[in-house]
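If you read the sequence shown in the UniProt record's numbering, its first letter stands for residue 1, the second for the next number, and so on.
Positions of the beta carbon are idealized from the N, C-alpha and C atoms, including for glycine.
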Amino acid sequence: MPYNLVRLGTETRINTTKEGAQFAPLFSEVTVLADGRVVATWTGNGTQLGQEDDFGVFQQVFGPSGNKIGGEIRVNTTSTGEEFWDGVTFDLSDGKWATTWTSTDPVSGLSNNFLQIFDANGRVGGEVQVNTADGVGSSVQSTTLPGGDFVLTWHGQSTQPGQEDTSGIFYQRFHADGTKVGGETRVNTSTDGDQLPFTLTQLGNGFAVMWRGSGTQPGQADDTGLFLQLFDEDWTPIGGEILVNTFVTGRFESFSGYTQLSNGGFVITYRASAGATTEAFQQVFDANGTKRGGEIKLPVDTASSSLSPRAYALADGKWMTFWHEGLVLDPRDLYYQVYDANGAKVGGKMPATESTEGEQIRTQILSLKDGGLVLVWRGKGTVAGQDDADGGYFFQRFNAQGAKVGGETRINTSKDGVVENLSLTELPGGQFVAVWAGKSTVSGQEDTKGIFQQIFDANFNRIGGETRVATSVTGDQISPTATASPDGSWYVTWMGNGEVAGQEDPYDDSTGEGGGFFFQHFLLNAAPTAIALKGSIREDAKASAVAGTLSAVDVDKGDTFTYRLIDGAGGDASHPLFKLDGNLIRLKLGSTLDYEKARSHTLHIEVKDSNGGTYVQDVTVTVTNLLEKTPLKLRGTAGNDTLYGELGNDTLSGGAGNDLLAGDLGQDYMATGTGKDIVMFNTRPISANRDKVADFDPRLDSIYLDNAFFPKLGKAGTLQKPVKLNKAFFAYDAPKDANDYLIYNRKTGVLSYDADGSGAGKAVDIAVFTNKAKITLADFFVI
């Protein structure tokens with residue numbers, strides 16, 4: 001399917017203030033709300049009237065089209081002391097959103113987490129301190145609940161009765177308006193030593209909190225163990241905390257990741273260090289949190305250390321685990337192992353990359369809708385045609401059983417200079433966008449250090465080529481991220497040196513200040529794939545009458561379309577009879593139609609969608625007949641023809657081919673010609689409709705009678721599947737009994753219809769066969 005990449009609007013600077021430094025996680029952070037609005041959040045120096053803050057948290061809201069809504073907002077109310085953006089912004093119901101941040105008191109050095117709710121009119125209530133006791137050690141993680149409430153989780157200390165902990169993990173539930181539901185609750189049971197770091201994840205319909213800490217409960221004792229607490233979808237604890245790792249004296253555990261499996265269970269991967277050796281392990285759990293077997297050691301060479309183990313789900317409860325392997329100070333390679341649902345190895349340990357020179361650094365793995373996954377890494381490519389001496393980004397697809405699909409593919413086209421900060425984001429339409437910072441030497445895309453992107457379809461085929469995102473080419477543009485919007489578009493945000501007119505935000509290398517946050521809105525537009533025409537036009541239509549309504553087939557939602565008549569070279573054209581009026585085809589002034597001369601007319605039309613995608617197709621305008629009393633003379637071709645008369649005394653000549661002739665009203669003359677022809681009688685049998693038939697050949701030709709006008713002839717078929725005439729209803733020369741409805745006079749060649757079948761009433765002549773053909777019962781069919 002052809003696509004075109006559309007820039008929606010122009011490159012936009014997010015921050016209004018250009019004085020001092022502006023920072024954010026990964027240097028850029030945007031949240032797309034359910035209604036399509038975008039909230040950009042950062043930390044920086046505010047100098048706008050009413051927004052002054054040496055180091056505050058700021059936001060700017062944008063509409064779905066990228067237009068600014070209102071001005072820059074300072075999120076934190078308190079502007080004295082140090083305000084440090086280290087939280088999250090997340091969507092709530094009814095157009096609201098929430099932002100959390102961490103504030104550090106410059107005197108006491110204590111940090112606390114805060115929350116502020118916003119809606120379209122601004123703040124909802126005031127800022128709320130999330131934690132009760134002063135002193136937190138990590139930023140907030142958030143989860144939203146089905147009823148609109150949300151839960152915030154953090155690491156810190158507590159002095160609340162029953163919750164005392166100098167270094168624990170806590171959570172607090174909130175209503176959507178920001179009011180607290182109950183008090184803060186400690187996740188960990190053990191309070192001996194530090195419980196850090198922690199990770200909050202979605203697990204099935206519920207949640208899991210995992211951390212490293214000291215266990216003192218019976219059966220949970222571990223000085224540096226990995227612990228897990230499960231919660232249901234309402235954040236009610238499920239059972240008690242679980243020791244994940246197998247305790248070994250002197251072994252230092254480090255949590256790595258968790259994976260939800262397709263059979264409802266999950267896998268937790270972790271590292272264990274003992275002296276200079278680091279090993280990687282995994283533990284499988286049932287859906288209810290029960291261990292399935294013991295810990296599984298990854299197949300790492302004895303002399304090597306393993307880093308960053310991570311499992312990913314496959315079909316049928318299987319999974320595959322990736323890890324880096326090598327000596328601590330030497331380059332590391334990337335490996336994987338597939339496991340079945342019982343934790344048994346499927347095949348052996350395999351290298352994940354074909355390239356083996358230098359270090360292969362896993363950067364991202366995405367699960368695909370087909371049950372497979374795609375691995376992304378940074379390294380030196382050594383495969384012919386994929387080599388990248390300075391280090392590039394590559395991907396490798398795997399199917400739902402963990403087998404490689406195709407070979408590894410380099411993402412970045414340019415191989416001059418180092419690329420960095422690549423991230424891969426799935427779009428609502430199933431495509432993927434990769435964004436990164438680096439140097440481009442592609443013609444028309446040159447940039448010393450710019451922001452680039454490459455789009456892939458659902459099967460990871462390239463859509464178009466590498467594209468430079470940032471318009472500015474002066475200075476460095478760094479740390480891009482891509483955020484998908486529900487409407488299928490996406491935003492690329494980055495930190496950089498703005499040099500575009502009206503967007504200037506220069507970075508001062510001597511002071512380390514300046515530079516702004518920018519975004520560009522994109523849409524991957526699919527071109528229309530078909531044009532449909534609904535309607536027809538009568539042959540007696542007057543000027544401006546509508547001949548049909550055009551519509552386009554397009555997978556994109558919300559596209560609008562324009563149509564134009566074109567010539568074979570794609571230029572504007574005109575039609576002698578018709579013109580376009582929006583999506584309507586109208587008859588031109590002074591134009592007339594004649595059904596008998598042309599029953600249809602072809603127009604060459606181009607449709608263009610609102611984002612520039614085009615498609616060209618011929619459409620056919622159908623002319624409908626106006627029955628006329630003026631006698632017609634219709635002659636067939638050498639092919640198979642269908643000739644219909646009208647209200648006058650018409651002449652129909654079939655000629656060669658297998659033809660169908662139907663005279664309609666009037667006393668018509670029908671000459672079958674050669675071929676296997678059909679003479680059809682589909683009007684009321686009266687003397688005014690008595691026809692003449694010439695050239696009828698009983699060996700080849702047939703007679704069809706319409707049951708609607710000859711009701712006594714029994715069961716009706718169709719034109720495609722006619723029914724043979726019942727022999728009881730046919731007689732030669734004169735009726736013999738009460739059901740002889742159809743009579744053929746062999747002497748005169750007259751075919752007549754006797755409605756009473758007995759001859760009591762006068763029969764009506766249907767037609768006379770001028771050659772007095774030797775017609776038999778086998779020649780008649782009812783439709």
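Between residue i and the rest of its own chain, which residues show a CB-CB distance below 6 Å, the 5 nearest in sequence each way excluded?
i, result
"Val616", "Glu606"
"Phe769", "Val693, Phe696, Gly749"
"Asp559", "Asp609, Ser610"
"Ser551", "Ala532"
"Ser111", "Thr102, Thr104, Val136"
"Glu127", "Thr77, Phe114, Gln116"
"Lys727", "Leu777"
"Glu184", "Thr132, Phe170, Gln172"
"Asp733", "Asn745"
"Phe252", "Thr224, Ser273"
By Cβ distance below 8 Å, which residues in the same chain neighbour residue i in space, the five residues on each side in sequence not counted?
i, result
"residue 785", "Missing from the structure shown is residue 785; the chain here goes from 1 to 783 and no further."
"Ser214", "Ser190, Asp192, Gly193, Asp194, Gln195, Asp222, Asp223, Thr224, Gly225"
"Ser138", "Trp154, His155, Gly156, Leu196, Pro197, Phe198"
"Arg7", "Gln520, His521, Phe522"
In terms of DSSP beta bridges, what is residue i paired with?
i, result
"Ile296", "Gln282"
"Leu550", "Leu533"
"Ala526", "Tyr3"
"Val623", "Ile537"
"Val374", "Leu366, Arg397"
"Asp765", "Ser752"
"Phe730", "Leu742"
"Thr614", "Lys608"
"Asp105", "DSSP output for Asp105 lists no bridge partner at all."
"Gln445", "None; Gln445 has no bridge partner."
"Lys404", "Phe398"
Taking the alpha carbon of residue i as the point to measure from, which residue in the options has its own alpha carbon closest?
i, options, result
"Ala532", "Phe522, Phe518, Gly548, Asp540", "Gly548"
"residue 785", "Thr179, Lys772, Val30, Ala778", "One cannot answer for residue 785 here, as it falls past the ends of the chain, which runs 1 to 783."
"Gly673", "Ala662, Gly666, Gly655, Gln667", "Gly655"
"Leu584", "Lys597, Ile537, Asp554", "Ile537"
"Glu408", "Pro309, Trp377, Phe432", "Trp377"
"Trp490", "Arg212, Val32, Gly371, Ile14", "Val32"
"Asp765", "Gly126, Gly20, Arg690, Lys534", "Arg690"
"Thr602", "Asp594, Asp618, Ser591", "Asp618"
"Pro299", "Arg123, Leu334, Arg292, Leu314", "Leu334"
"Pro2", "Thr651, Gly613, Arg74, Arg332", "Gly613"
"Phe522", "Ala434, Ala545, Asp572, Val473", "Ala434"
"Gly571", "Asp556, His604, Gly66", "His604"
"Ala731", "Leu700, Leu307, Asp677, Phe780", "Phe780"
"Asp677", "Leu700, Gly663, Asp664", "Leu700"
"Phe281", "Asn288, Arg292, Lys297", "Lys297"
"residue 821", "Val187, Gly182, Ser485", "Past the edges of the chain, shown from 1 to 783, lies residue 821, and the structure says nothing about it."
"Thr278", "Gly250, Gln445, Phe58, Lys404", "Gly250"
Within 10 angstroms of the Cβ of residue i, are there 16 or more other Cβ atoms? Answer buried if so, exposed if not.
i, result
"Gln202", "exposed"
"Ala501", "exposed"
"Gln141", "buried"
"Gly56", "buried"
"Gly636", "buried"
"Lys18", "buried"
"Gln337", "buried"
"Met350", "exposed"
"Ser600", "exposed"
"Lys449", "buried"
"Asn15", "buried"
"Arg212", "buried"
With a threshold of 7 Å on Cβ separation, who are the neighbours of residue i within its own chain once the five nearest residues in sequence on each side are excluded?
i, result
"Ala120", "Gly95"
"Phe266", "Leu203, Tyr258, Thr259, Gln260, Phe285"
"Ala352", "Phe322, Leu334, Tyr335, Tyr336, Leu375, Gln396"
"Thr216", "Ser190, Asp192"
| task | Assess, as a yes-or-no matter, whether the segment 620-632 is touched by the segment 641-656 under the definition of 3 or more beta carbon pairs within less than 8 Å. | result | yes
| field | At least three beta-carbon pairs within less than 8 Å, the segment 103-110 to the segment 147-155 | value | no
| query | Are at least three pairs of beta-carbons, each pair with one atom in the segment 523-542 and one in the segment 74-89, less than 8 Å apart? | reply | no
| If we count Cβ pairs, one from each stretch, closer than 8 Å, do we get three or more for the segment 34-54 versus the segment 83-90? | yes
| task | Would you check if the segment 634-643 and the segment 559-572 touch, i.e. whether three or more CB-CB distances between them fall below 8 Å? | result | no
| Counting Cβ pairs, one atom from each stretch, are 3 or more of them under 8 Å apart for the segment 337-348 and the segment 308-318? | yes
| Do the segment 270-288 and the segment 238-249 make contact, defined as three or more Cβ pairs closer than 8 Å? | yes
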